[in-house]
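Single-structure report; data block below.
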Amino acid sequence: MIRKDIDNFLASLPNDITLVAATKYGDKNDILDLFNHGVKNFGENRVDAFLAKYEELKDNKEIKWHFIGHLQRNKAKLVINKIDYLHSLDSLELAKMIDQLREKPLDTFIEVSINLEENKNGVPYYEVEQFINNLKQFHNVHIVGLMMMAIKGSNDTTTQFKKLRLLRDELETKCNIKLPYLSMGMTDDYQEAILEGATHIRLGRILFDLN
1366 MIRKDIDNFL ASLPNDITLV AATKYGDKND ILDLFNHGVK NFGENRVDAF LAKYEELKDN
1426 KEIKWHFIGH LQRNKAKLVI NKIDYLHSLD SLELAKMIDQ LREKPLDTFI EVSINLEENK
1486 NGVPYYEVEQ FINNLKQFHN VHIVGLMMMA IKGSNDTTTQ FKKLRLLRDE LETKCNIKLP
1546 YLSMGMTDDY QEAILEGATH IRLGRILFDL N
């Protein structure tokens, strides 16, 4: 069930922010409820859950689907022509597969490991420039920005988000590319992310009444 004051919450977000509602806490009815309150972008981080929700809602052509979790190459073919955005490109192998399978260019975020956490996915921040240059061979991979996850429970997410913004600014110059979007910020830190330049925030728990 979505939170009762959802309209007030949505109104508190800046108009230029794209809210990607993470659907792991909700079902088809919750998604439709959010949609009826003006939410158009929905994100899922597991392939099986995405496919189930996509099938239930595929007749609604206004929904924009974002895949926001790690996408294993052996499952990529199941989703790659059903999503509108991928937030988690982290390897050239996956990019090559997208290029081969995708019927039209896919708007894609590069997932960046800004903190170099060993157990997290993402391209190490110091390798992203070379990664972008290598991606230029893939015509169906349309890079629109960078994505990151802050350290869970960190007291200083602002510094981490700022690093991604500065990296984006640097890469636009070095790689001669436009990277208009920054996907960063979740339930616990989205406000800091917005202040540091996020354009897309991925919110799940905060949208729902989980009691």
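First residue of the sequence shown? That's 1366 in this note's numbering, and the numbers climb one at a time after it.
Backbone N, C-alpha and C fix where the C-beta goes; we use that ideal spot for every residue, glycine too.
* Asked: Alpha carbon to alpha carbon, how far is Asp1534 from Ile1542?
  -> By 1-based counting over the sequence shown, the position of residue 1534 is 169. By 1-based counting over the sequence shown, the position of residue 1542 is 177. Counting only the Cα atoms, Ile1542 lies some 10 Å from Asp1534.
* Using the rule of at least 16 other Cβ atoms within 10 Å of the residue's Cβ for burial, across every protein chain shown, is Gln1502 buried or exposed? -> For this step, residue 1502 is matched to residue 137 along the sequence shown. Classification of Gln1502: exposed, given that the 10 Å Cβ count is below 16.
* Asked: What are the boundary residues of the alpha helix (DSSP H) that Asn1394 is part of?
  -> For the purposes of this step, residue 1394 is taken as residue 29 along the sequence shown, with counting starting at 1. For Asn1394, the enclosing alpha helix (DSSP H) has its first and last residue at Lys1393 to Asn1401.
* Asked: Under three-state DSSP, which class holds Leu1436?
  -> Counted from its first residue, the sequence shown places residue 1436 at position 71. Coil, per DSSP.
* **Distance CB(Thr1564)-CB(Leu1547) smaller than 8 Å** => For the purposes of this step, residue 1564 is identified with residue 199 of the sequence shown, where counting begins at 1. For the purposes of this step, residue 1547 is identified with residue 182 of the sequence shown, where counting begins at 1. Yes. Within cutoff.
* Asked: Which whole-angstrom value is the C-beta distance of His1435 and His1452, which I expect to be below 8 Å?
  -> Counting from one through the sequence shown, the residue named residue 1435 turns up at place 70. Counting from one through the sequence shown, the residue named residue 1452 turns up at place 87. Contact doesn't hold; Cβ gap of about 10 Å is too wide.
* To do: Could you tell me whether the Cβ atoms of Leu1500 and Val1509 are closer together than 8 Å?
  => One-based indexing of the sequence shown puts residue 1500 at position 135. One-based indexing of the sequence shown puts residue 1509 at position 144. Contact flag unset, no.
* Helix, strand or coil: which one does DSSP assign to Glu1335? -> Not covered by the structure: residue 1335. The range shown for the chain is 1366 to 1576.
* Work out the CA separation of Ile1367 and Asp1398 for me, nearest whole Å. => By one-based count along the sequence shown, residue 1398 stands at place 33. By one-based count along the sequence shown, residue 1367 stands at place 2. Computed Cα separation, rounded: 8 Å.
* Between the Cα of Pro1545 and those of Thr1552, Pro1489 and Asp1472, spot the shortest distance and give me the residue it belongs to. => Taking the sequence shown and counting its residues from 1, the one referred to as residue 1545 is at position 180. Of Thr1552, Pro1489 and Asp1472, the residue nearest in Cα terms is Asp1472.
* Can you tell me whether DSSP reads Arg1368 as helix, strand or coil? -> Translated into the one-based positions of the sequence shown, residue 1368 becomes position 3. Coil, per DSSP.
* Span separating the alpha-carbon of Glu1483 from that of Pro1489 -> For this step, residue 1483 is matched to residue 118 along the sequence shown. For this step, residue 1489 is matched to residue 124 along the sequence shown. Going by the C-alpha atoms only, they are around 10 Å apart.
* Asked: With 16 as the cutoff for other CB atoms within 10 Å, does Gly1403 come out buried or exposed?
  -> Stepping through the sequence shown from its first residue, residue 1403 is reached at position 38. Burial call: exposed.
* To do: Go through its chain and collect everything with a Cβ distance to Tyr1555's Cβ below 7 Å, but skip five positions before and after it.
  => Working through the sequence shown from its first residue, we reach residue 1555 at position 190. Contacts found: Ile1566 and Leu1568.
* To do: Please work out which residues of its chain come closer than 8 Å, Cβ to Cβ, to Ala1386, disregarding the five sequence neighbours upstream and downstream, and give them in chain order.
  => Translated into positions along the sequence shown, residue 1386 becomes position 21. Excluding positions up to five away in sequence, the list reads Ile1396, Leu1399, Val1404, Asn1406, Phe1407, Gly1408, Leu1568, Gly1569 and Leu1572.
* Beta carbon of Thr1383 nearer than 8 Å to that of Lys1418 -> Indexing the sequence shown from 1 puts residue 1383 at position 18. Indexing the sequence shown from 1 puts residue 1418 at position 53. Contact: no.
* Asked: Taking only runs of the beta strand (DSSP E) that begin and end inside the region 1457-1515, which ones reach a length of at least 3 residues, in chain order?
  -> 1471-1478 and 1506-1512
* Hey, could you find the ends of the alpha helix (DSSP H) Ala1558 is sitting in? => Locating residue 1558 in the sequence shown gives position 193, counting from the first residue. First-last of the alpha helix (DSSP H) with Ala1558: Tyr1555 to Leu1560.
* Asked: What are the boundary residues of the beta strand (DSSP E) that Arg1567 is part of?
  -> Reading the sequence shown from its first residue, position 202 is the one you call residue 1567. Its beta strand (DSSP E) spans residues His1565 to Leu1568.
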